[in-house]
Amino acid sequence: MGDIMQTRSRLFRLTALATAVSLAGCASLNQLGRDYGTAIGCVGGAMAGAALGAVISGKAKDIAIGAASGAAVGCAAGYAWQNRLQELERVAREENLRMQVETLRRQAPVQPGKPVGPAEDVGIVAQVQDQGMFPVGSDQLTPDGRRQVEKLAQVFRQQLSEGGSSRALLVVGHTDATGTAESNQRLSEQRARTVGAVLARAGVNPSNIYYQGAGASRPIADNGTVSGRAANRRVEIVEVASTEILKLRVAQEQANPRYLAHGTRTEATDAAPAPKAKTAKRPAAKKKAPATAQPRTATAKPSAPVDFGGVPAADVAWTLAGGIKPKRSGLSLISSAHASELPVRSCNEDQPRVAGAVKNLASGAELRQYATNAYLTNMNGRPWSGLVNGHQVTLSPVAVLREGAQVVKPPAVLVVKDFERGNRHAAKLAALANAYEGEDSILYRVFVQEEGAPLSCIDVAMSKSSGNASGGKLYYPRSSRTVYAADYIPRGY
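Quick note, in our numbering, the sequence shown goes up one by one and the last residue is 951.
Set out below in structure tokens:
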């Protein structure tokens, strides 16, 4: 019994040390990784192994064996983490690169009534700004760019050169928002493939290399400024422990609300002001529910603009971000902010975001992400409909997968002008949709794709559990220069 108590006491001290590390500041955590990655890995491995031994038998011998085994694995992982961070930092200094390197961590799913377990380090993310790495509009590396990528390749080569390695390397190309979403996606994919090919020639096993073109869909800075667009033009290299972790990373990035902190427009818009701005009042909407029957559709658009009873968008504080809470489980970056990076821009300041599939460099095959077709509640292909100032607006279908909040089919927008006066003829408008996932809800963002349409875009916050809308905004042109916003809270049928 004394041995068990003594071992548990040592385990408690290790836990206290790890807790102190986890509570350190963001910058200091990366500094700890560079300077003391091996030691942290040893401590973390020993904790995990000792905990496993305690669960199995509770005997001091099993706890000690578990701690020793865990420490061996943890020390190796910690050394690899420390070595990689130091080498990337060295390359950045030598080449004068603007590079941000972060550690990727995985948090186990939250269990009701149980404490949150420790996060596990599962990879590294390096964001390298394109400072002349590629000529404008080209997917061919400049001489300087080729030398820089070859040096980066040497950092990753050792762990990924063996054919049996379970690790995976993902190269993601990013552009600014200048140009069309489709052309940006194509160029970014070609550039990512070019970087992947250099990594393969340097000795990285091509079967472990994946590439993706994200275009302008994931901005990290303001596209309305020269410096912001420069920061958004970047190459991202992600090394993860396995293809399963890679799938989690790809799915989470596709629906990550942190990228809505910056819009994808380069021109000025009727942007929503800071939350302290006064919001104009409007008459309360009637509580009459929309008809459940689908309206008859017509190809003709409404002959005149539709008055949705809103107010100038510049007078409306966009507050839907308050319902999109950060996810408590899954993958996260050590130095990433959380609340400050939640969605703060409306769809009026955004455009459809287009990201390509993840492809394997060796085979060209797409990474298979979704094993099932389980949908979020009320989002399995059914219509969502609501009344706005007497006009019916329907999104059909709304189809969002439970895994990764992936939109599997773009909706059409059906507008029935003067629905409350008995009209049942609808204008059917082509649209595209993106979805962004929080812990309890998603932001469903719809863009109308037709010129002269009576509305331009829609934001709806939808609960993942109940399948109900907690809020929404509809944006529409009131004149050639003014955009208006109206409340829109649809229901799924």
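Heads up, the beta-carbon is just placed ideally off N, CA and C, and yes, glycines get one too. Keep in mind that this is a model prediction, so the values were computed, not measured.
- Judged by their CB atoms, residue 632 and residue 688 are not nearer to each other than the 8 Å cut-off.
- Of all C-beta pairs linking the region 893-901 to the region 819-826, fewer than three are shorter than 8 Å, placing the two stretches out of contact.
- Secondary structure remark: continuous alpha helix (DSSP H) runs of at least 4 residues inside the region 553-602: none found.
- Residue 652 carries a helical assignment under DSSP once its states are collapsed to helix, strand and coil.
- A buried status is given to residue 634, since no fewer than 16 other beta-carbon atoms sit within 10 Å of its beta-carbon.
- Residues of the same chain with their beta carbon placed closer than 6 Å to that of residue 659 are lacking, with the five preceding and five following residues left out of the count.
- Burial check for residue 768: the Cβ neighbour count within 10 Å reaches 16 or more, so the residue is buried.
- Rounded to whole angstroms, the gap between the alpha carbons of residue 679 and residue 629 is 20 Å.
- Apart from sequence neighbours up to five positions away, the residues of its chain that approach residue 783 with a beta-carbon distance below 7 Å are 896, 897, 898, ordered along the chain.
- Counting along the chain, residue 895 sits inside the beta strand (DSSP E) bounded by residues 883-895.
- Under the DSSP assignment, residue 838 falls in the beta strand (DSSP E) whose first and last residues are 833-846.
- Taking the CA atoms as reference points, residue 808 sits about 26 Å from residue 835.
- Between residue 657 and residue 592, the C-beta gap is not smaller than 8 Å, which leaves the two residues out of contact.
- In the three-state reduction of the DSSP assignment, residue 670 falls in the strand class.
- In the structure shown, residue 612 adopts helical secondary structure according to DSSP, grouped into three states.
- Between residue 930 and residue 919, the gap from beta carbon to beta carbon is short of 8 Å.
- In this model, residue 859 and residue 900 are separated by some 11 Å (Cα to Cα).
- Residues of the same chain with a CB within less than 7 Å of the CB of residue 608, apart from the 5 flanking positions on each side, are 656, 660 in chain order.
- Here DSSP, grouped into helix, strand and coil, assigns residue 945 to strand.
- Looking at the backbone, the Cα of residue 546 and that of residue 870 are separated by about 47 Å.
- Straight through space, the alpha carbons of residue 950 and residue 594 are spaced by roughly 46 Å.
- In chain order, 849, 873, 875, 912, 913, 934 place their CB closer than 8 Å to the CB of residue 764, counting only its own chain and leaving out the 5 sequence neighbours on each side.
- With respect to the 8 Å criterion, residue 666 and residue 627 are classified as neighbours on the basis of their beta carbons.
- Around the C-beta of residue 552, fewer than 16 other C-beta atoms lie within 10 Å, and the residue is accordingly described as exposed.
- Counting the other Cβ atoms within 10 Å of the Cβ of residue 910 gives fewer than 16, which makes it exposed.
- Assigned with DSSP and collapsed to three states, residue 640 falls in helix.
- Here the alpha carbons of residue 623 and residue 925 stand approximately 42 Å from one another.
- In the three-state reduction of the DSSP assignment, residue 778 falls in the helix class.
- Boundaries of the beta strand (DSSP E) harbouring residue 857: 849-859, taken from the DSSP string.
- Residue pairing by DSSP places residue 695 opposite 584, 629 in a beta bridge.
- Per DSSP, residue 825 lies in no beta strand (DSSP E) segment and is marked neither H nor E.
- Residue 903 and residue 916 have their C-alpha atoms roughly 6 Å apart.
- With contacts defined by Cβ atoms closer than 8 Å, residue 868 and residue 891 form a contacting pair.
- At the C-beta level, residue 851 and residue 932 come within 8 Å of one another.
- Taken through DSSP and simplified to helix, strand or coil, residue 919 comes out as strand.
- In terms of Cα proximity to residue 716, the closest of 664, 691, 669, 790 is 790.
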